[in-house]
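**Student:** First the structure, which I've put down as structure tokens, then a few questions once you've had a look.
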Ligand code: URA
């Protein structure tokens, strides 16, 4: 029986080959291989790993289980970006307009994430009136008109990955480097852009917590992309504290507006420029690194990056006055300053805990169909390494009158470790691949 052969091969670490993998996944998706056999195979792969060739085949097979979009056909060069997810990660909101401003179109299908934080879709739709493209025609129109095509992940893209992921979720096989890499890259291959940049997070709350495993994951995804015909680069970026200063949907939109206005937002601006540099190097192979850097910095400084966001928001029916003045974005009823637990220097910020608090406030969703409160969240006033006095706020909570303010204040303050002596945050970019 072919499925049994695949399980035995995976258990003994023998490569499977293209025909066997293709057959296994096809038979699973048409119901002729039962869950328990695919689960056994997944567990063997999670324990023993998977040969690179087999991982590339798995990725291609998953990509071919649904629509193949070929977004690269919509313009001479179409970029894609993917993040493995982090607290306060609004990089897409800055990167995409910046690239559009320098003439690099972006086509991207993005997650509406579960749990901690809203996804990019939620952040954008926190702008009044804004609706992301609902179908392929609107998507194409948006890309043509603004240089930006962005919408929620479609159920038709790599549906085989969705089926596999559901099984992994209940069999303890999510945390497998080849399975994560093939899952993520199958969706990138199905989108079919010209080039892709990956932001692989490291630190607490990252998809993998071990730095060595994270590096291996990033290298494997880059390898898969390049072998499968999608030029791919990656950064491994630091998530030992939240990115930038904002956690929460409208707060992150306001922060993106600041960054696009050319103001330096610690972490956010630097990460955006690093990712943009990698994409631009692929779009403009004849440019030196310095020339690329100069063009990107100029777009932030001269207002063209912000203008690209404004054009995009306008095209999507959003209220551009909220871009011109982010104070007009939907706001929470209550703002509470979170006093520093002591005087000293911020040594640590528990981003996971801040993410949980933001989610409890309503910034994220506990279930796929629960609503999001766009206005709630946490504005950080200090990052790791910053000095603070006991009477100064480390953060501000944006919440509703119905929330238990005392408990939330106490928990938020406790997420900041303030102590004597200097503290340095880890570098923002750990590796570039
Ligand atoms: N994200 C994905 O899309 N797939 C995984 O397996 C893990 C994270």
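Residue numbers (my numbering): 6 to 438. No residue lacks a Cβ here, since even glycine has one placed at the ideal position from N, Cα and C. In this text the structure is predicted, and so the values were computed from the model without any measurement.
Note down, in chain order, each residue of its chain lying with its Cβ closer than 6 Å to the Cβ of residue 106, except the 5 sequence neighbours on either side.
**Tutor:** Sequence index remark: in the chain shown, residue 106 carries index 101 (1-based). Excluding sequence neighbours, residue 106 sits near 304, 309, 310 and 313.
**Student:** Rounded to the nearest angstrom, what separates residue 88 and residue 20 at their Cα positions?
**Tutor:** The count along the chain shown starts at 1 and reaches residue 88 at position 83. The count along the chain shown starts at 1 and reaches residue 20 at position 15. Computed Cα separation, rounded: 30 Å.
**Student:** For the beta strand (DSSP E) that contains residue 124, what are its first and last residues?
**Tutor:** What you label residue 124 is simply residue 119 of the chain shown in a count that begins at 1. Premise fails: residue 124 is in no beta strand (DSSP E) and is neither H nor E.
**Student:** Any contact between the segment 379 to 393 and the segment 340 to 359? By contact I mean 3 or more CB pairs, one from each, below 8 Å.
**Tutor:** Counting Cβ pairs under 8 Å, three or more are found: they touch.
**Student:** Between the segment 13 to 27 and the segment 186 to 195, can you find at least three pairs of beta-carbon atoms closer than 8 Å?
**Tutor:** Segments in contact, no.
**Student:** Along the beta strand (DSSP E) that carries residue 401, what are the first and last residues, could you check?
**Tutor:** Here residue 401 is taken as the residue at index 396 of the chain shown, counted from 1. Segment 398 to 404, the beta strand (DSSP E) holding residue 401.
**Student:** My assumption, with CB atoms under 8 Å, is that residue 180 sits in contact with residue 213. Please give the rounded CB distance.
**Tutor:** Counting from 1 along the chain shown, the entry for residue 180 is found at position 175. Counting from 1 along the chain shown, the entry for residue 213 is found at position 208. Between residue 213 and residue 180 the Cβ distance is about 7 Å, and since that is below 8 Å, they are a contact.
**Student:** Relative to the ligand URA, what is the chain-ordered list of residues with a Cβ closer than 5 Å to any of its non-hydrogen atoms?
**Tutor:** Qualifying residues, in the order they occur: 185, 188 and 189.
**Student:** Helix, strand or coil for residue 109? Go by DSSP, reduced to three states.
**Tutor:** For the purposes of this step, residue 109 is taken as residue 104 along the chain shown, with counting starting at 1. Three-state result, residue 109: coil.
**Student:** For the beta strand (DSSP E) that residue 2 lies in, which residues bound it at each end?
**Tutor:** Here the chain has residues from 6 to 438 only, and residue 2 is not among them.
**Student:** With a threshold of 8 Å on Cβ separation, who are the neighbours of residue 280 within its own chain once the five nearest residues in sequence on each side are excluded?
**Tutor:** Counting from 1 along the chain shown, the entry for residue 280 is found at position 275. Correct list, in chain order: 86, 96, 100, 202, 204 and 240.
**Student:** Would you please state the rounded distance, in angstroms, between the beta carbons of residue 197 and residue 283? I believe it to be under 8 Å.
**Tutor:** Working through the chain shown from its first residue, we reach residue 197 at position 192. Working through the chain shown from its first residue, we reach residue 283 at position 278. Actually they do not touch by this definition, with Cβ atoms about 19 Å apart.
**Student:** Quick one: what's got a C-beta closer than 6 Å to residue 199's C-beta in the same chain, skipping five residues either side?
**Tutor:** Position 194 of the chain shown holds residue 199. Contacts found: 77, 82 and 83.
**Student:** Using 8 Å for Cβ pairs, my map puts residue 48 next to residue 219. What's the rounded Cβ distance?
**Tutor:** In the chain shown, the residue the question calls residue 48 occupies position 43. In the chain shown, the residue the question calls residue 219 occupies position 214. The Cβ separation is near 22 Å, so there is no contact.
**Student:** Note down, in chain order, each residue of its chain lying with its Cβ closer than 7 Å to the Cβ of residue 221, except the 5 sequence neighbours on either side.
**Tutor:** To locate residue 221, count along the chain shown from 1; it is residue 216. Closer than 7 Å at Cβ, skipping near neighbours: 182.
**Student:** Report all residues from its chain with a CB closer than 7 Å to the CB of residue 355; omit the five preceding and five following residues, and keep chain order.
**Tutor:** One-based indexing of the chain shown puts residue 355 at position 350. Answer for residue 355: 420, listed in chain order.
**Student:** One question on the structure: do residue 272 and residue 245 come within less than 8 Å of each other, judged by their Cβ atoms?
**Tutor:** For the purposes of this step, residue 272 is taken as residue 267 along the chain shown, with counting starting at 1. For the purposes of this step, residue 245 is taken as residue 240 along the chain shown, with counting starting at 1. No, the Cβ-Cβ distance between residue 272 and residue 245 is not below 8 Å.
**Student:** For the candidate residues 224, 110, 366 and 130, whose alpha-carbon lies nearest to that of residue 287?
**Tutor:** If you number the chain shown from 1, residue 287 lands on position 282. Of the candidates 224, 110, 366 and 130, the one whose C-alpha sits nearest the C-alpha of residue 287 is 110.
**Student:** Do residue 40 and residue 169 have their CB atoms nearer than 8 Å?
**Tutor:** Along the chain shown, one-based indexing puts residue 40 at 35. Along the chain shown, one-based indexing puts residue 169 at 164. Taking 8 Å as the Cβ cut-off, residue 40 and residue 169 do not qualify as a contacting pair.
**Student:** Verify whether the separation of the beta carbon atoms of residue 103 and residue 321 is less than 8 Å.
**Tutor:** On the chain shown, position 98 is the one that residue 103 refers to. On the chain shown, position 316 is the one that residue 321 refers to. No, they are not a contact pair.
**Student:** If you draw a straight line from the alpha carbon of residue 292 to that of residue 275, how long is it in whole angstroms?
**Tutor:** Indexing the chain shown from 1 puts residue 292 at position 287. Indexing the chain shown from 1 puts residue 275 at position 270. Cα to Cα, residue 292 sits roughly 20 Å from residue 275.
**Student:** Run through the DSSP bridge pairs and tell me what residue 157 is partnered with.
**Tutor:** Working through the chain shown from its first residue, we reach residue 157 at position 152. Looking at the DSSP assignment, residue 157 forms a beta bridge with 115.
**Student:** Could you say which of 371, 369, 438 and 326 lies nearest to residue 134 if we only look at CA atoms?
**Tutor:** As a first step, residue 134 must be located in the chain shown, where it is residue number 129. Checked all of 371, 369, 438 and 326; the closest Cα to residue 134 is 326.
**Student:** Leaving aside the five residues before and after residue 70 along the sequence, list all residues of the same chain whose C-beta is less than 7 Å from its C-beta, in chain order.
**Tutor:** As a working note, residue 70 is residue 65 in the chain shown. These residues qualify, in order along the chain: 34, 163, 164 and 165.
**Student:** Could you tell me whether the Cβ atoms of residue 349 and residue 430 are closer together than 8 Å?
**Tutor:** Looking up residue 349 in the chain shown gives position 344. Looking up residue 430 in the chain shown gives position 425. No, the pair does not count as a contact, with Cβ atoms beyond the cut-off.
**Student:** Using C-beta distances below 6 Å, list every residue in its chain close to residue 358, excluding the 5 sequence neighbours before and after it, in chain order.
**Tutor:** If you number the chain shown from 1, residue 358 lands on position 353. Counting only Cβ-Cβ distances below 6 Å, and skipping sequence neighbours, we find 420.
**Student:** Quick one: what's got a C-beta closer than 7 Å to residue 408's C-beta in the same chain, skipping five residues either side?
**Tutor:** For the purposes of this step, residue 408 is taken as residue 403 along the chain shown, with counting starting at 1. Same-chain partners within the cutoff: 366.
**Student:** Nearest-angstrom Cα distance between residue 426 and residue 90?
**Tutor:** Position 421 of the chain shown, counted from the first residue, corresponds to residue 426. Position 85 of the chain shown, counted from the first residue, corresponds to residue 90. Each residue's alpha carbon lies about 31 Å from the other.
**Student:** Give every residue of the same chain whose Cβ lies closer than 6 Å to the Cβ of residue 331, excluding the five residues on either side of it in the sequence, and list them in chain order.
**Tutor:** If you number the chain shown from 1, residue 331 lands on position 326. Once the five neighbours on either side are set aside, the close Cβ partners of residue 331 are 259 and 262.
**Student:** Would residue 94 be called buried (16 or more neighbouring beta carbons within 10 Å of its own) or exposed?
**Tutor:** Reading the chain shown from its first residue, position 89 is the one you call residue 94. That one is buried.
**Student:** Mind checking whether residue 125 and residue 98 have CB atoms under 8 Å apart?
**Tutor:** Position 120 of the chain shown, counting from 1, holds the residue named residue 125. Position 93 of the chain shown, counting from 1, holds the residue named residue 98. Yes, these two residues count as a Cβ contact at 8 Å.
**Student:** With a 10 Å radius around its C-beta and 16 neighbouring C-beta atoms as the bar for buried, classify residue 13 as buried or exposed.
**Tutor:** Numbered from its first residue, the chain shown carries residue 13 at position 8. The residue in question, residue 13, is exposed, as its Cβ has fewer than 16 Cβ neighbours within 10 Å.
**Student:** According to DSSP, simplified to helix, strand and coil, what is residue 21?
**Tutor:** By 1-based counting over the chain shown, the position of residue 21 is 16. In the structure shown, residue 21 sits in coil (DSSP, three-state: anything other than H, G, I, E or B).
**Student:** Would you check if the distance between the CB atom of residue 368 and the CB atom of residue 377 is smaller than 8 Å?
**Tutor:** Start at 1 with the first residue of the chain shown, and residue 368 comes out as number 363. Start at 1 with the first residue of the chain shown, and residue 377 comes out as number 372. Closer than 8 Å, so yes.
**Student:** Assign residue 152 to one of three DSSP states: helix, strand, or coil.
**Tutor:** Position 147 of the chain shown, counting from 1, holds the residue named residue 152. Of the three classes helix, strand and coil, the one that applies to residue 152 here is coil, per DSSP.
**Student:** At 4 residues or longer, what runs of the alpha helix (DSSP H) sit wholly inside the segment 256 to 290?
**Tutor:** 273 to 288, all fully within the segment 256 to 290.
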